[in-house]
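Below is one structure, written out as structure tokens, with a few remarks after it.
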Amino acid sequence: MLAISGAVSKVIVEVKNLKKYFPVAKTFLERLFSREEKYVKAVDGISFNILRGEILSLVGESGSGKTTTGKLVLRLIDPTDGRIIFDGKDITDLRGEELRVLRKDMQIIYQDPYASLNPRMTVGDSIKDPLIIHDLASGNEAKELVYEMLEKVGLTPPEYFYNRYPRHLSGGQRQRVAIARAMITKPKLVVADEPVSMIDVSLRASILDLMLDFRRELNLSYLFITHDLAVAKYISDRIAIMYLGKIVEMGSTREIFTNPLHPYTKALLSAIPVPNPESRRERIKLPGEIPSAIEIPSGCRFHPRCPSKIDICIKEEPELREIRKDHYVACHLY
Amino acid sequence: MKAVNDVSFSIDKSEIVGLVGESGCGKSTLAFAIMRLVPPPGKIVGGKILLDNINLLDLSEDDMRKIRGAKISMVFQDPMTSLDPLMRIGDQIVEMLITHTNMSKDEARDYTMQLLELVGIKKDRFKDYPHQLSGGMRQRVMIAMAIALRPKLVIADEPTTALDVIVQEQIMDLFKELREKFGTSILLISHDIALILEVADKVGVMYGGHLMEFSSSLDIVKDPLHPYTRELLKAIPNVELEDQKLVSIPGNPPDLLNPPKGCMFHPRCPLAMDICKEKEPKTTIVNGRIVKCWLYQER
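Chains A and B are the protein sequences, given in the same order. Numbering-wise, the first sequence is residues 109 to 442 according to the working numbering. Numbering-wise, the second sequence is residues 46 to 344 according to the working numbering.
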């Protein structure tokens, strides 16, 4: 990253103490007898940054808040609290036109390529749309750019795919269209929300490699959201493990896999199936399931399931602290 | 459309057999076929399904109904669509027991309590409705119902696909416990090859409706015979390996409405020969292992 001069920060996005609480609808009786509002604390105070050209994975089970975090970073929903700094600018309170202009630099790839593409738009029009919206190109120039992009994502010959509709394509091909559409504006940050979990296993690697190609070409950053640690290991530079709206551990992919510290990370790692019947790994089994984000346990929110719990865990919430260089853990054991 | 074509394998007592394959390979259709529950207009046009040497395809619909649940039962991916949302979970099990056995209501209730405990649900959840349970607990209820009549075979179709890895591990442990306790055989169907290879004793690899390979999971991992199996193993991540390079299989899964001539896999096969494009290979046995590929037979 030597090419980046002092004036431009190495950090593309920084998130500080981000929170998102969703109010819970109350029943009639609760309305009569209680003034207390209940909230789903989907994201409950998280901080991280992503460097230019870096891939950070957010890994967690369903209900851990990883998708909400992705939407917050893109300003698709408004945070309850906290700041989002993108490309050196605080974007937390941007509205309307300013936000629209910003969208050119941040894009999203969704999980379900059957739902994310407009079925009544041809592949060509779908990919061209962002160019028109952001006034980047039009007419023949736009068409040329789309052809070029189709080639890059491996949908060749481009003139064939340009006029196809999503229904003519397989799941893997649709996800390539979704990626092309996200990349056509040359974004600086892409949030990829489970981009391969609906793709057939024989094709997953090619989609991941395609995303890595674009990182190389555009020096873009990814916030990669996944429940699958094996996929996260393949693609990310760093990994943040989320549990019930908090980051419990964050570090380089290597650190997380070779030296996991948080008991939850250890359990998660040991539960990944390994394609080998002779694997003799140490197994750490957790009881129960992730609780509801409405009734968050006291102290450390992981304590009811934690095999290494000590007294303080019930009372006091641990902070995310740097234990080793660039390795952060929120656990009283350290 | 031939969703499942020329598939033969056997499951021993208390064995876990895994079926893997990508979407559209016919693994779920095969499960429904074993239960004789292929949704119309689909039908079974040939073959045999032997359970303790009785061909299920010869049975009348009435006799088959007695087999389902009692001898073969099924667990699905999404328990929320299999459970009645308006009925307490305990009552659902009790009702099933009364329909299928001659238990009295009290007996059924006692047995339900035992079943719930067996699958790791506290007795006081008897009166819960499905929506009050987590995804993992709902799947435990489904498993309790599936094993209630002590079937010989439980078919589990993507039973943990909607669950998180930690809960997935809990459910897999439960399956292993049940087969040890009762000698139940389990046919585990999943797209997750890593999971199948880790859990199952034997594995069948399906592609385009055909069983391409069938042998012990160890043989599959150490010495995969079929080129599809080999390529598939290169495409899936293994967290125990350092700096693994994943390789996708070029091309797309076959369109079963318009299947390729010859071997189903030949358009994507790195070892395809001329004959593969012309003639479908036969299923053969090589060193006790089942494989369907021209590499292992006389042309």
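Here a beta-carbon is modelled for each residue, glycine too, at the ideal position from N, C-alpha and C.
Minimum Cβ-Cβ distance from residue i to chain A less than 9 Å
i       : result
P298(B) : yes
H176(B) : no
M182(B) : yes
L277(B) : yes
E60(B)  : no
D237(B) : yes
N283(B) : yes
S68(B)  : yes
A245(B) : yes
I231(B) : no
S262(B) : yes
V336(B) : no
Three-way DSSP call (helix, strand, coil) for residue i in this model
i       : result
G181(B) : helix
V164(B) : coil
Q215(A) : strand
H276(A) : helix
K116(B) : coil
L278(B) : helix
N248(A) : helix
D264(B) : helix
L233(B) : strand
K341(A) : helix
G92(B)  : coil
A111(A) : Here A111(A) scores only 46 on pLDDT, less than 50, and its place in the model is too uncertain to base an answer on.
E60(B)  : coil
K236(A) : helix
R224(B) : helix
T188(A) : coil
F322(A) : helix
K118(A) : coil
L208(B) : coil
A121(B) : The sequence shown places Phe at residue 121(B), not Ala. Coil, per DSSP.
F54(B)  : coil
V186(B) : helix
Neighbour flag for residue i against chain B, beta carbons, 9 Å
i       : result
H335(A) : yes
Y342(A) : yes
L311(A) : yes
L224(A) : The residue asked about is misnamed: residue 224(A) is Ser in this sequence, not Leu. S224(A) does not count as touching chain B.
S246(A) : no
M109(A) : In this prediction, M109(A) scores a pLDDT of 42, lower than 50, which makes its location untrustworthy; the coordinate-derived value is nonetheless stated afterwards. For M109(A), the answer is no, since every Cβ of chain B falls outside 9 Å of its Cβ.
P405(A) : no
E302(A) : no
V360(A) : Note on identity: in this sequence residue 360(A) is Ser, with Val being the wrong assignment. Answer no: the Cβ-Cβ gap between S360(A) and chain B never drops below 9 Å.
K393(A) : yes
L316(A) : yes
Identified DSSP bridge partners for residue i
i       : result
Y147(A) : P131(A)
M350(A) : I355(A)
T329(B) : V336(B)
T334(A) : V167(A)
D301(A) : I333(A)
Under 9 Å between C-beta atoms of residue i and residue j
i       : j       : result
L331(A) : V298(A) : yes
L369(A) : V304(A) : no
L256(B) : K337(B) : yes
D301(A) : G204(A) : no
V120(B) : G92(B)  : no
L101(B) : I134(B) : no
V151(A) : P131(A) : no
I163(A) : R323(A) : yes
D155(B) : P381(A) : no
G249(B) : V65(B)  : yes
V210(B) : E169(A) : yes
E206(A) : N157(A) : no
G114(B) : M141(B) : yes
Q281(A) : I217(A) : no
Check: residue i C-beta below 8 Å from any heavy atom of the ligand GTP
i       : result
I333(A) : In the structure on display, the ligand GTP does not appear, and there are no ligands present to speak of.
Under 8 Å by beta carbon: chain E residues contacting residue i
i       : result
D209(B) : Going by chain labels, chain E is absent from the structure shown, which instead holds the protein chains A and B.
Query raised in the report: Are the region 218 to 235 of chain B and the region 49 to 63 of chain B touching, with three or more C-beta to C-beta distances below 8 Å?
Result: Flag = yes, the region 218 to 235 of chain B and the region 49 to 63 of chain B touch.
Requested in this report: Assess, as a yes-or-no matter, whether the region 332 to 345 of chain A is touched by the region 400 to 420 of chain A under the definition of 3 or more beta carbon pairs within less than 8 Å.
Outcome: no
Query raised in the report: Are the region 313 to 330 of chain B and the region 255 to 272 of chain B in contact at 8 Å, needing three or more beta carbon pairs?
Result: yes
Query raised in the report: Are the region 176 to 183 of chain A and the region 259 to 266 of chain A in contact at 8 Å, needing three or more beta carbon pairs?
Result: At 8 Å Cβ cutoff, the stretches do not touch.
**Report entry** Cβ pair count under 8 Å reaching 3, the region 350 to 368 of chain A against the region 397 to 408 of chain A
**Finding:** yes
Requested in this report: State whether the region 189 to 202 of chain A contacts the region 244 to 260 of chain A, with contact taken as three or more CB pairs (one from each stretch) at a distance under 8 Å.
Outcome: no
Report task. Would you be able to state if there are at least three C-beta pairs under 8 Å between the region 112 to 128 of chain B and the region 147 to 167 of chain B? Result -> no
Report task. Count the CB pairs spanning the region 208 to 227 of chain B and the region 94 to 113 of chain B that are closer than 8 Å, and state whether there are at least three. Result -> Fewer than three beta-carbon pairs drawn from the region 208 to 227 of chain B and the region 94 to 113 of chain B are found closer than 8 Å, and the two stretches are therefore not classed as touching.
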